[in-house]
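As given, the protein sequences belong to chains R and H, one line each in that order.
Numbering (this note's numbering) for the first sequence: 1 to 500.
Numbering (this note's numbering) for the second sequence: 1001 to 1203.
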Amino acid sequence: MTEMMLPNLTPAYGEILMALGAMALLMLGVFRGNSSTRFISLISAALMIAALFITVNWQDTAVYTFGNMFVVDRFTSFMKILVLVASSLAVIMSIQYFKDEGEERFEYPILLLLATVGMMVMISANDLMSLYMGLELQSLSLYVLASIRRDSELSTEAGLKYFVLGALSSGILLFGSSLIYGFVGSTNFTVIGDTLAHANEHLGGHAPNIGVIVGMVFVLSGLAFKISAVPFHMWTPDVYQGAPTPVTAFFAVAPKVAALALLVRVLYVPFGELSHSWTQVIVFMSLASMVLGSVAAVVQTNIKRLMAYSSIGHIGFALVGLAAGNQEGVRGLMIYMAIYLVMNVGTFACILSMRRNNGMVEEISDLSGLVQTRPLMAVALGIFMLSLAGIPPMAGFWGKWYVFKAVIAKAVENPMATDYGLISLAVIGVVASVIGAYYYLNVVKIMFFNAPEEEFMPQKSFKMTAIMSFGAALMVLFLLPQVNAPILEYARMAAAALIS
Amino acid sequence: MIYTFCFYLFATVTVFSGIMVISSRNPVHSVLYLILAFFNSAGLFVMLGAEFVAMILVIVYVGAVAVLFIFVVMMLDIDYSEMRKGFQKYLPIGGLIGFLLLAELALVGMGWGLSGGVVTDPATAIPALTEMSNTEALGSLLYTKYVFLFQMAGLILLVAMIGAIVLTHRKRPGVKKQNINKQVMHRRSDAYEIVKVKPGQGI
């Protein structure tokens, strides 16, 4: 007990850098005031990029530290890269918005930075306790970010709703964790996995203790809230609509990627043995999310609400990969999330450019005849919409291709698996995708064929144009092997790191 | 003998004040009973040999949380009879959720320790009281094995602080603040001047 031993800090250098950076920037902000927001935002983005380079990990073996509570392997590395890219772009996209609105707050980039630290801890969590710590750090920052425009009624409402429901979901998750700890006797993912495997062996493949399953389902529900999978999606449209647009752009990508990464690790490392139990749950959530995301979006008129339902639907598609329950499926999920990131960041860059003299506009009808007033933006948004709809040869199609391919391959190779309805999952998924295509194509139709509306204000920031055009180019060029090969290969290795 | 007497004294007062917390009509009385309950549970903890938990209970719960409760109860003018109105209406759903949670707990109780290969004696993680005091044992775990979680908790509290400031702090116009620099730099000549007044003329 008395000997001092410093834990191995190397795997957590990225997180440490960002946490210390956030504190230093906080001091700077306190002394320099809100006029330093732009500077602090740029430094925050730079810190995230620096952490990205630290995080890239090509090692074959997983490294554990802090008493096995923290793990770094190729899977965490892949997911952290996605999160860091999404977060840094979200910071960059927000600078102009807050300046134009006259609402510059230096705390904004700092909270975003701390939320990203939370997400990275979530991705690296290998213990129920570090899972919860990461999740709370992330969620708490997000609650504040949602209501950062405290003078706006919508923004406050969004923050409050998110907070109350988020606290409830955290409570459910904690309850589940305590049940698991009670039945297994450990909070460590690896130990839980080994114990359950051992129990399975000894009980001769009998169902494990009902208490563990109940605990697992509770933890699953808590995490499903964070990725807004149906039936835990109710908060999403209101929060997306009410939060300031750059915050919504952030919400739509980074937290989802992090929570999904956590979900994958929780399901495969501690509860890999119980896959027959959780597959049903995942299949249901996936089906319900795909159908609801597609159907409910049809009647939306606000583009931020539309994106909320769209994100619910996309999470459903990503979960299809998880339902397949093998390495191929997880690989599909990771490719899906990478493409989802680019599509969403690009779309939000376009939404953030929808500004008229009297402020931001958010109605889909405001996009009428965009092709005549702002052709470049119309083409870019059109490409993103086609990609979100999953129309070949855009990247969105390939994302869906890999998850459905995995699930169908699983169903064909192992006919027993059809018990979970994997084939019907794929069929309903494709149908939902077709229904969803309607509203994405509707946006394209409004932009290209309706009579033009009043012109948007000219783009002041070069960054938005750059993000838009780069994202659109990626969406179109994804089918070239030079573009997709690195992503496919890295996703394969990352999935292999998690599931042997 | 004295031990048993103390136990029953503390236990009875704890249960009594616990009942009073939820049954007294005046919310301020409820909070005061809560404080009494905390003090008595602290006594129970001391008797169990858990002096650290007892101290925390008194310092944190009585010293900070309960005092905060009193402030909130006294500052906010809450109409409690209005709040209780929905009680009947929400009883079925609330009762259902409560029943479900109770069923969960019953499950836990009935199937304790069924997973094979479980650590059967969780108490082994704690060193014997004769070797190391509670406080020392907690400290040596918290700052070594769980230092990561400890630091994360610190970050979460930092976010909570930033959040509270971001959402509530605002610059009010017309607030007069002390400006020490200005006070120190104040010269006699700024404050008054000596005017020679000739008799019969005025200023």
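Backbone N, C-alpha and C define an ideal beta-carbon position, used for all residues, glycine too.
Name the residues in the segment 124-151 of chain R whose C-beta lies less than 8 Å from a C-beta of chain H; which are they?
129, 130, 133, 134, 136, 137, 140, 141, 143, 144, 147, 148 and 150
Please check if any C-beta of chain H sits within less than 8 Å of the C-beta of residue 483/R.
no
Use the C-beta contact count for residue 138/R: other C-beta atoms within 10 angstroms, 16 or more gives buried, fewer gives exposed.
buried
Between residue 1083/H and chain R, is any beta-carbon pair separated by less than 8 Å?
no
Using a Cβ-Cβ distance cut-off of 8 Å, determine whether residue 1183/H contacts chain R.
no
In its own chain, which residues sit with a C-beta less than 8 Å from the C-beta of residue 477/R, not counting the 5 before and 5 after it?
483
Using a beta-carbon distance below 8 Å, is residue 33/R in contact with chain H?
no
Please compile the residues from chain R whose C-beta is within a distance smaller than 7 Å of the C-beta of residue 1198/H.
Going along chain R, no residue has its Cβ under 7 Å from residue 1198/H, so there is no contact; the nearest lies around 54 Å.
Backbone CA spacing between residue 119/R and residue 458/R [nearest angstrom]
35 Å
Please confirm if residue 1167/H has its CB atom under 8 Å from at least one CB of chain R.
yes
Looking at residue 242/R and residue 157/R, is the spacing between their C-beta atoms short of 8 Å?
yes
So if I threshold CB-CB distances at 7 Å, which residues from the segment 259-290 of chain R count as touching chain H?
none
Do residue 319/R and residue 229/R have their beta-carbon atoms positioned less than 8 Å apart in this structure?
yes
Just to confirm the assignment, what range does the alpha helix (DSSP H) spanning residue 70/R have?
No alpha helix (DSSP H) contains residue 70/R, which is instead part of the beta strand (DSSP E) from 70-72.
Is it buried or exposed, residue 31/R, if we count other Cβ atoms within 10 angstroms and call 16 or more buried?
exposed
Using C-beta distances below 8 Å, list every residue in its chain close to residue 461/R, excluding the 5 sequence neighbours before and after it, in chain order.
95 and 96
Can we say the segment 65-78 of chain R touches the segment 481-500 of chain R, given the rule of at least three CB pairs closer than 8 Å?
yes
Cβ neighbours of residue 173/R in the same chain (closer than 6 Å, five flanking residues each side left out)
219 and 222
What residues from chain R crowd round residue 1163/H, counting only those whose CB sits closer than 8 Å?
111, 140, 141, 143 and 144
Considering only C-alpha positions, which residue in the set 399/R, 321/R and 65/R is nearest to residue 6/R?
65/R
With the cut-off set at 8 Å, would you say residue 504/R and residue 342/R are in Cβ contact?
Residue coverage of chain R in this structure runs from 1 to 500, which leaves residue 504/R outside it and unanswerable.
So, is residue 1148/H buried or exposed, given that buried needs 16 or more other C-beta atoms within 10 angstroms?
buried
Are residue 237/R and residue 305/R touching if we call contact CB-CB under 8 Å?
yes
Just how far apart, CA to CA, sit residue 346/R and residue 386/R?
12 Å
With a cut-off of 8 Å on the beta carbons, I'd call residue 332/R and residue 403/R a contact; round off their distance for me.
4 Å
C-alpha distance - residue 1055/H paired with residue 1063/H, whole-angstrom precision
11 Å
Should the segment 1064-1074 of chain H be called in touch with the segment 1045-1054 of chain H, which here means at least 3 C-beta pairs below 8 Å?
no
Could you tell me whether the Cβ of residue 105/R comes closer than 8 Å to any Cβ of chain H?
yes
Given residue 301/R, which residues of its chain have a CB within under 8 Å of its CB, disregarding the five upstream and five downstream residues?
363, 364 and 365
Could you check the C-alpha separation between residue 163/R and residue 217/R for me, to the nearest Å?
22 Å
From which residue to which residue does the beta strand (DSSP E) around residue 64/R run?
63-65
How is the alpha helix (DSSP H) around residue 1234/H delimited, first residue to last?
Nothing about residue 1234/H can be read from this structure; chain H reaches only from 1001 to 1203.
Hey, would you say residue 98/R sits closer than 8 Å to residue 29/R, going by beta carbons?
no
First and last residue of the alpha helix (DSSP H) that includes residue 502/R?
Residue 502/R is absent from the model: chain R starts at 1 and stops at 500.
Secondary structure, alpha helix (DSSP H): runs of 4+ residues fully inside the segment 454-481 of chain R:
462-477
Using the rule of at least 16 other Cβ atoms within 10 Å of the residue's Cβ for burial, across every protein chain shown, is residue 276/R buried or exposed?
exposed
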